[in-house]
Amino acid sequence: MRELAPDVWQLDGFPANSINVYVIGDVLIDSGSPIDGGRVLKQVRDRALSAHALTHGHFDHYGSSAKVCRELELPLWCGANDVRAVEAGKQIGLGRRTVSGMGARAVPVARALREGDEVAGFTVLDVPGHSPGHVAYWRESDRVLIAGDVMWGFNPFTLRGAIREPYPALSPDAGRNRISARRLASLRPELVAFGHGPPLGDPDAFAAAVAKLP
Ligand SMILES: [Zn+2]
């Protein structure tokens, strides 16, 4: 586990930065895919966590949440509009239809997160599009942003390439996601922690990537 900023850690993964899991304060953010439970538990076992929160309800972000919540006895929190999917072990696709959760197990959600809520010193930002209940976590005091998949730090399928939007076909509302991306870029984050890709300490590079969106 690597400390990116005060009280913000990125868990080790393989390949590095491919599917990111973070700890902010005493809250675990995301849990990776259904095969990531072991590596997550191994790294957080000695930490006093109080909750597990999601950026969004996709299988590569809550895939091991059932296991982690059960073993560590943590409540799960996620964006209000993703609660239905997470509690069903599904994802919400185009037209708000429920689609396969790709192996993610259903988990009861203890708290539906909304714009302005506070999580471990971060403010919840409602940034829908890639999923209906996608949230980001923003700490204005040092401009740290846990961005989830509003933008990808690289292409998670090739593990390379520039900062980009997620493939539009993977976002039930790609247009809305671009609005969310512009909102995040306007914050001028000093550090962006992506769902996929290495952490980025360059507000200009983030803004430039978002400015290229259609
Ligand atoms: Zn993802």
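Positions 827 to 1040 (this note's numbering) are the ones given, in order, by the sequence shown. Backbone N, C-alpha and C fix where the C-beta goes; we use that ideal spot for every residue, glycine too.
Item to check | Neighbourhood of ligand 1 [Cβ distance below 5 Å to any heavy atom], ordered by chain position | outcome: So the residues near ligand 1 by this Cβ test are D886, D975, G1021.
Checklist entry - What are the complete beta strand (DSSP E) segments, minimum 3 residues, inside the region 876-934? => result 877-879, 902-905, 916-918, 924-926, all fully within the region 876-934.
Checklist entry - Around the C-beta of T924, are 16 or more other C-beta atoms found within 10 angstroms, so that it is buried, or is it exposed? => result Working through the sequence shown from its first residue, we reach residue 924 at position 98. So T924 counts as exposed.
Checklist entry - From L985, A1011, P994, T984, pick the residue whose C-alpha is nearest to that of I972; which is it? => result Along the sequence shown, one-based indexing puts residue 972 at 146. Cα-wise, what sits closest to I972 is A1011.
Checklist entry - Does the Cβ-Cβ distance between P841 and L985 come in under 8 Å? => result Position 15 of the sequence shown holds residue 841. Position 159 of the sequence shown holds residue 985. It is a contact, given that the beta carbons lie within the stated cut-off.
Next on the checklist: Tell me the DSSP secondary structure of D776 in three-state form.
Outcome noted: Nothing about residue 776 can be read from this structure; the chain reaches only from 827 to 1040.
Checklist entry - Bridge partners of Y963, per DSSP? => result As a first step, residue 963 is located in the sequence shown; it is residue number 137 there, counting from the start. According to DSSP, Y963 bridges with V950, I972.
Checklist entry - With a Cβ-Cβ cutoff of 8 Å, do G970 and L1017 count as a contact? => result Counting from one through the sequence shown, the residue named residue 970 turns up at place 144. Counting from one through the sequence shown, the residue named residue 1017 turns up at place 191. Correcting the residue type first, residue 970 is Val in the shown sequence and not Gly. In this structure, L1017 lies closer than 8 Å to V970 by Cβ.
Item to check | Three-state secondary structure (DSSP) of A1114 | outcome: A query on residue 1114 cannot be resolved here, the shown segment of the chain reaching from 827 to 1040 and no further.
Next on the checklist: My output table needs one value for V847: the three-state DSSP class, helix, strand or coil.
Outcome noted: Here residue 847 refers to the residue found at position 21 when the sequence shown is read from its first residue. V847: coil per DSSP, three-state reduction.
Item to check | As assigned by DSSP and simplified to three states, the class of R990 | outcome: Position 164 of the sequence shown, counted from the first residue, corresponds to residue 990. Residue state, collapsed to three classes: strand.
Next on the checklist: Let's see if you can read the secondary structure: which residues bound the alpha helix (DSSP H) around R1014?
Outcome noted: Here the question's residue 1014 lines up with position 188 in the sequence shown. Element bounds for R1014: n/a, residue is neither H nor E.
Checklist entry - What residues in its chain sit with their C-beta under 8 Å from that of A988, if we drop five residues either side in the sequence? => result In the sequence shown, the residue the question calls residue 988 occupies position 162. Taken in chain order, the residues that qualify are F980, A1035.
Next on the checklist: Please return the same chain residues whose Cβ sits closer than 7 Å to the Cβ of A946, not counting the five positions on each side in sequence.
Outcome noted: The count along the sequence shown starts at 1 and reaches residue 946 at position 120. Counting only residues of its own chain and dropping the five nearest sequence neighbours on each side, A946 has a CB closer than 7 Å to the CB of I850, G851, D852, V853.
Checklist entry - If you check the beta carbons only, do G955 and T949 fall under 8 Å apart? => result Position 129 of the sequence shown, counted from the start, is the residue given in the question as residue 955. Position 123 of the sequence shown, counted from the start, is the residue given in the question as residue 949. Annotated as distal: G955 and T949, with beta-carbon spacing of 8 Å or more.
Checklist entry - So what's L985 in DSSP terms, helix, strand or just coil? => result Position 159 of the sequence shown, counting from 1, holds the residue named residue 985. Here L985 sits in coil by DSSP.
Item to check | Cβ shell of R1014 (< 6 Å), same chain only, five flanking positions each side left out | outcome: Within the sequence shown, residue 1014 is the residue found at index 188, counting from 1. Cβ neighbours of R1014 beyond the five flanking positions: P1029.
Next on the checklist: Suppose the cutoff is 8 Å on Cβ atoms and the five residues either side in sequence are ignored; what does the same chain contact list for P860 look like?
Outcome noted: Taking the first residue of the sequence shown as position 1, residue 860 is located at position 34. Excluding positions up to five away in sequence, the list reads F885, G889, S890, M928, G929, A930, R931.
Checklist entry - Are the region 875-884 and the region 894-906 touching, with three or more C-beta to C-beta distances below 8 Å? => result The region 894-906 and the region 875-884 touch, with three or more beta-carbon pairs separated by less than 8 Å.
Next on the checklist: Using only CA atoms, which one of V834, V976, N843, A911 lies nearest to G1023?
Outcome noted: Position 197 of the sequence shown, counting from 1, holds the residue named residue 1023. For the options V834, V976, N843, A911, the alpha carbon positioned closest to that of G1023 is the one of N843.
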